[in-house]
Structure formats: structure tokens, C-alpha cells
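Residue numbering for the sequence shown follows my numbering, starting at 50 and increasing by one per position. Yeah, the Cβ is synthetic: ideal placement off N, Cα and C, and Gly gets one too. This report refers to the structure that appears directly beneath it.
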Amino acid sequence: MAETYQNYIGGKWVPGASGETFESRNPADRDEALGAFPRSSADDVDRAVQAAQEAYRDWMLTPGPERADYLLRAALLLEGRKEEYAELMTREMGKTLKESRGDIQEGIDFLHYMAGEGRRMFGNTVPSELRNKFSMTVRHPIGVVGLITPWNFPIAIPIWKIAPAIVAGCTSVFKPAEDTPLLATLLVQCFEEVGLPPGVLNLVHGYGEEAGAPIVEHPGVRAISFTGSLEVGRRINERCGALMKRCSLELGSKNVMIVMPDANMDLAVEAAAWGAFATSGQRCTATSRLVVHDDAKERFTEGLLQRVGTMKVGNGLEPDVELAPVINEQQKRRVLDYIEIGKQEGATLLTGGEELTGAGYDKGNFISPTVFDDVTAYMRIAQEEIFGPVTAIIRTDDVDEAIGIANSVEYGLSAAIYTHYIGNVFKAVQQLEFGIVYVNAPTIGAEVQLPFGGMKNTGNGHREAGPLALDEFMEWKSVSVDFSGKVQKAQGID
Ligand code: UN1
């Protein structure tokens, strides 16, 4: 019997109101259940929002450096537990142990980064047009916020949201993906252990429709931060629009790597293999398109096929496995459907394209690393986010055309170019419609001190991580102090 876990509301671990639970299962071995979690509903959300509202008043008055201190202490706890949690992450989410460690490290790094913000949170002093009047801007927390996170980075992405919310002085209701509730629970336990006051961070488990939607709808929640699919993000955006809530969205993408003939081909091949197949392609930054110049295509394609041929597919706990399972059966079917679509569209399947069965595979969701060639820019496999171990080679004979192809999608998160020619580099930097651009580096692996987010339908203009992270959770207040002893009128009125 799997252990039963609870929601965390107002500093207490409590069962869901309905008493119903759902299980979290290992995507490499569906016989292993990692725990049973409350299938929460609007009632649970309501209790969590109330707890967050109660905690808010005192929390927003707590000094920034003191709020930030909880982040530092949580970072230290996570550091000590990195190995233990990485193993559990691989069992719950599937990705390789190395990548699970990276996920936790990314979370730790960002806790350190945001803790520094607790002593900054700069405003401006602004001159007044009147004598003896002092003006400044100060930041103000937005209030109770809803944080809804995906399963592909079960520690890092929640921390991208939780850490700035805490430093900002917001209190929050956190609803993690139903595929990774255990890691979310462990993360919240860390904040409990470092003594974060009750109600500042509340955890409500469950499904999007049942537990996520009530957070969006709740009148006590002032802002929503969501990372997930375009389809769900669009619905949240519509509701937040109608309800006049701030909403920051980090949605899908169709990332691209351009390979020019002067590139170091060994590096380009390695970057493509890592970018396309790390986390089994289940990153919003995954390299799902390779736009390759004709004069590089043979060398690049041969190299990539050779490299992919060496990839061991299997349980992410095994040290030499490079390609781990996809998250669940539904996602596996979706990826396999896209592979069929690619074939029907006339793309050439160079390698992979199948579900793996037999010993070591039968209890999990394994798909072999898949490379399509002869893909054109407007095929569905070149336009739609697949979120699996599938990448598509598109030919080009010109850097301007390559950039045009790169930009021909509705998304714009991460793009890379491999070239040494300075003209190509700056054209790409100037013209790529992507929030993150890499020159001679893979499309994945963003660092937390840089803004993370995309253009077009990847989001709605917000950026997570980096120096802009607080903007999601804070208002600006313009403050003026008149010490003239008169009623002064601005705009030259006397
Ligand atoms: C995501 O897939 O949503 O840049 C986040 C990267 C990671 C974060 C990915 N640092 O690949």
C-alpha cells in the first residue's frame, strides 16, 4: 500500500475534503506507486485561500530580508537532501538521475538568487516639480497568489514561483501537477521545517479542472502564475481577463537550432542530441526543430544518427541510461500519434519512432529517440509542440531563410544557432523571435539569473527567474511626501 499524503493548509497537514485520493506512479515501472494524494476540490481551495488571506497581513509587514531568510534556509536543507530527492524525482517523474539532480540544483540556485532580492527590491527616487516635495516608488506585494506548476521540473519550476512570491510578501496556494505530487510535498515540507509561518505557503493537490480551476476563480486570489500547455494557459488567461486578475503564463514552444556549414559539427551534433532528447524532449526548451544548411546536412545528419544510436533507453535510475520514459500513458500515446502524423505528412523517419516493449520496458512509457528528415516548415510536426523524444530536420540554403523558418511557428521560447561567422550570429540575435537565444550552445539549460520566458504564444509577456521575477508578484506604488507646509498644486496651477 502506498503511503497517503495530505494537503498543507494554514501550517497543518490535512486530508482533502472529499476523502478521495489519486496515486502517483513511476513512469518507468507503473507497478510502483509513490503515494496517494488528496483529490482536492473547491472546498479545499477555499480553505487554503482563507489561510493565505489570514497569513497575508502579517507577512506583508515582515521585513524583506527576514522573508528572504527562509529561502536561504530552505536552500541549505535541499542541498543536504539533493541525492535523496533526486532519486525520488527519477522514480516519480522518470528523467535520469543526473537531470533530477540538475532540477534540484536549479531550484537551490534560484533560492539563493531570490534571497538576495530580499535585501534589494529596489524602488526609485524621482524628482518632484515642486519644492519641498519628495517622491519615490516602492514595491507592494500583490496579495494572495495561485501557483500552478507542471511535472517536468517538479522542484525547479515550483521554486521559480514560490521563492519570488515569498520574498515579495505574497502568500500563496500552490497546486502542483498531479503527476508529481510527492516532490511537491517534499518541497513544501522543507519550507515547513525552516519555520515558514503558517498560511504563507499552502499546498493543494489534485487535478487541473477540480483543484486548479477553483484557484483561478477564487475571488480572494489576486494573481495566477501558470506553467503548462497553451490550451490550458489560454483558458486561464481568458478567465483572469474577465476576473481582472494578473496572470503570468509560461506555455508551450517549438524550439529550434540552426546549423550553418561553418559550425563545429561535433559540437552541433552533441548539442542537438542533448537539446532534443534530454528529459525525453519533455522541456519547454527542447530542440524539436533542426534547421540545417545544405552544406552541413550530410555531416550533421550522419553525426546525429551515430550519436542517437549510442543512446541507451531505460529506467533513469540506471547510470548509463540517456533516454528515460515519458511521463504517462496518455503522453506516450500523444507522442506516438505525432510520429504517425509525421509519416503521413511525408517526412522521412530516419531513426526511432516506436514504443519500446519487452524486458525492462513493458511496465513503463518508453519511446525510442526519433529523428525525422525531409520535414518542411509547415508540417504539423514542425509547428506543434510534441513534448517527447522527437526532432525534425528541415533543410535550408541560406541564413535568412533559416531565421524565417525558425520564426514561422506560433511559439517563441528558445532558439540556438551554430556558426562562427559573426554576421550570422548577429542576424540571429537581432531577428529570432524567441525570448532565449543561444549562440553555439544548446536550446536547453537556461540559468536562473537570466529572465526565462518567451515571445508570441509561449506566454503573455512575463518573465520568470532573473531580475524580473518579482514583477509577477508585486505592484508599484508612487509615494510623495510634501513638507512645504502648503497645499501645492502640480502642473503649474497656483
Ligand atoms: C521548462 O521546461 O519549462 O532551460 C523549464 C532549461 C531548464 C528549464 C526548463 N533550465 O532547459
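Cβ-heavy atom distance, residue i to ligand 1, below 7 Å
i           : result
residue 201 : yes
residue 334 : yes
residue 451 : no
residue 117 : no
residue 494 : yes
residue 155 : yes
residue 197 : no
residue 276 : yes
residue 206 : yes
Reduced DSSP secondary structure (H/G/I, E/B, other) of residue i
i           : result
residue 86  : strand
residue 531 : strand
residue 397 : strand
residue 202 : coil
residue 185 : strand
residue 53  : strand
residue 73  : strand
residue 424 : strand
residue 294 : coil
residue 223 : strand
residue 22  : As displayed, the chain neither begins before 50 nor continues past 543, which places residue 22 out of reach and without an answer.
residue 299 : strand
residue 272 : strand
residue 282 : helix
residue 149 : helix
residue 178 : coil
residue 141 : helix
residue 306 : strand
residue 417 : coil
residue 364 : coil
Rounded straight-line distance, which links the Cα of residue j to that of residue i
i           : j           : result
residue 264 : residue 397 : 45 Å
residue 310 : residue 457 : 22 Å
residue 282 : residue 191 : 21 Å
residue 206 : residue 182 : 43 Å
residue 126 : residue 133 : 12 Å
residue 294 : residue 223 : 17 Å
residue 104 : residue 342 : 57 Å
residue 129 : residue 123 : 10 Å
residue 257 : residue 509 : 20 Å
residue 412 : residue 303 : 30 Å
residue 166 : residue 296 : 22 Å
residue 209 : residue 356 : 33 Å
residue 81  : residue 74  : 6 Å
residue 475 : residue 484 : 15 Å
residue 551 : residue 533 : The chain is shown from 50 up to 543; residue 551 falls before or after that span and cannot be answered.
Contact with chain D by residue i, beta-carbon distance below 8 Å
i           : result
residue 281 : Given the protein chain composition of this structure (a single chain), no chain D is represented.
Supposed contact pair residue j and residue i - C-beta distance, whole angstroms, cut 8 Å
i           : j           : result
residue 177 : residue 529 : 7 Å
residue 354 : residue 385 : Between residue 385 and residue 354 the Cβ distance is about 21 Å, and since that is not below 8 Å, they are no contact.
residue 87  : residue 56  : 5 Å
residue 230 : residue 54  : 7 Å
residue 252 : residue 234 : 7 Å
residue 299 : residue 513 : 6 Å
residue 338 : residue 431 : 6 Å
Next on the checklist: Below 8 Å, how does it come out for the region 473 to 480 and the region 362 to 382: are there three or more Cβ pairs, yes or no?
Outcome noted: At 8 Å Cβ cutoff, the stretches do not touch.
Next on the checklist: Measuring CB atoms only, is the region 409 to 418 touching the region 426 to 442, in the sense that at least three cross pairs come out at less than 8 Å?
Outcome noted: Touching, per the Cβ criterion.
Checklist entry - Can we say the region 59 to 74 touches the region 241 to 259, given the rule of at least three CB pairs closer than 8 Å? => result Contact between the region 59 to 74 and the region 241 to 259 is present, because at least three Cβ pairs lie under 8 Å.
Next on the checklist: For the pair the region 298 to 316 and the region 331 to 346, tell me if three or more CB-CB distances fall below 8 Å.
Outcome noted: Three or more Cβ pairs drawn from the region 298 to 316 and the region 331 to 346 lie within less than 8 Å of each other, which places the two stretches in contact.
Checklist entry - Is it true that the region 356 to 368 meets the region 136 to 148, where meeting means three or more beta-carbon pairs spaced less than 8 Å apart? => result With the cut-off at 8 Å, the region 356 to 368 and the region 136 to 148 touch.
Checklist entry - Quick check: the region 323 to 332 against the region 484 to 501, are there 3 or more CB pairs under 8 Å? => result As far as the Cβ criterion goes, the region 323 to 332 touches the region 484 to 501, which means the pair count is three or higher.
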